[in-house]
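Residue numbers (the numbering used here): 38 to 260.
Note that the Cβ used here is the ideal one computed from N, Cα and C, for glycine as well.
Here's the structure we're looking at; comments come further down.
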Ligand SMILES: [Zn+2]
């Protein structure tokens with residue numbers, strides 16, 4: 038589904054994947070491991086482009102429902118994979134992956150062990166890096182290397198799992214899914230200084246009007 042011009046949502050992949058269409062294609066997040074064909078079919082059937090035109094995959098964080106198809110997509114398309122340097126250590130298994138202490142955390146651990154072999158990444162991102170026209174903002178808490186991506190020109194903020202919008206409300210980080218809930222709440226304060234009209238999260242609904250205003254109101258309320 039095209040959300041706004043040249044920004045497409047590939048849905049029903051557990052978490053949302055966003056395809057940015059330009060001369061080259063950029064994919065933000067890759068969904069749960071079983072949904073790779075949905076992404077490839079979207080590129081060929083909906084965009085009428087070749088999988089080899091996917092040049093960059095940016096992962097907002099290391100969770101399996103976001104990183105699940107990155108390794109195989111890279112193999113098929115030749116795209117480079119980018120992720121924050123802290124979560125890169127987890128993806129490549131140089132650092133043991135942490136999980137939330139909730140029951141969900143236990144499930145994530147179970148799936149993760151069985152479904153995601155380690156893989157190398159091409160770009161280790163840091164705060165302020167720019168890739169595919171998107172500025173990296175480090176928002177640790179949900180995972181240590183969670184990032185948001187800010188398209189300053191088009192005023193879009195991709196928030197991954199740090200903040201979402203559902204049923205008409207901005208929703209903050211959830212304790213069940215966050216590795217460090219206090220840090221997650223601290224980190225999202227950064228959003229109060231950003232200018233964006235549209236917010237696109239890893240789950241929930243697209244927020245297409247007055248997004249930074251609504252996020253500011255939410256942050257004020259939580260403060
Ligand atoms: Zn997540």
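Within 10 Å of its beta-carbon, does residue 69 have 16 or more other beta-carbons around it, so buried, or fewer, so exposed? buried
With DSSP as the reference, please indicate the residues paired to residue 105 in a beta bridge. The partner list for residue 105 (beta bridge, DSSP) is empty, contrary to what the question assumes.
Identify which residue in 51, 65 and 40 has its Cα closest to the Cα of residue 168. 65
CA-to-CA distance, residue 126 to residue 232, given in whole angstroms: 31 Å
Using a Cβ-Cβ cutoff of less than 6 Å, which residues in the same chain neighbour residue 161 once the five nearest sequence positions on both sides are dropped? 122 and 125
Determine the DSSP secondary structure at residue 147, reduced to helix, strand or coil. DSSP places residue 147 in the helix class (H, G or I) of the three-state scheme.
Per DSSP, the bridge partner or partners of residue 206: 203
Can we say the segment 93–105 touches the segment 196–215, given the rule of at least three CB pairs closer than 8 Å? yes
Within a Cβ cutoff of 6 Å, which residues of the same chain sit near residue 186, ignoring the five residues on either side of it in sequence? 171 and 195
Looking at C-alpha atoms only, which residue of 243, 229, 241 and 247 is the closest neighbour of residue 259? 229
By Cβ distance, which residues of its chain are closer than 6 Å to residue 217, with the 5 residues on each side in sequence left out? For residue 217, the CB contacts under 6 Å within the same chain, skipping 5 residues up- and downstream, are 178 in chain order.
Looking at residue 88 and residue 23, is the spacing between their C-beta atoms short of 8 Å? No information on residue 23 is available, as it lies outside the stretch 38 to 260 that the chain covers here.
Can you tell me whether residue 188 is helix, strand or coil according to DSSP? strand
Starting from residue 172, trace the beta strand (DSSP E) both ways and give me its first and last residue. 171–175
Look at the Cβ atom of residue 44, then the Cβ atom of residue 75, and state whether they are nearer than 8 Å. no
What residue from 158, 163 and 136 has the CA that sits closest to residue 212's CA? 136
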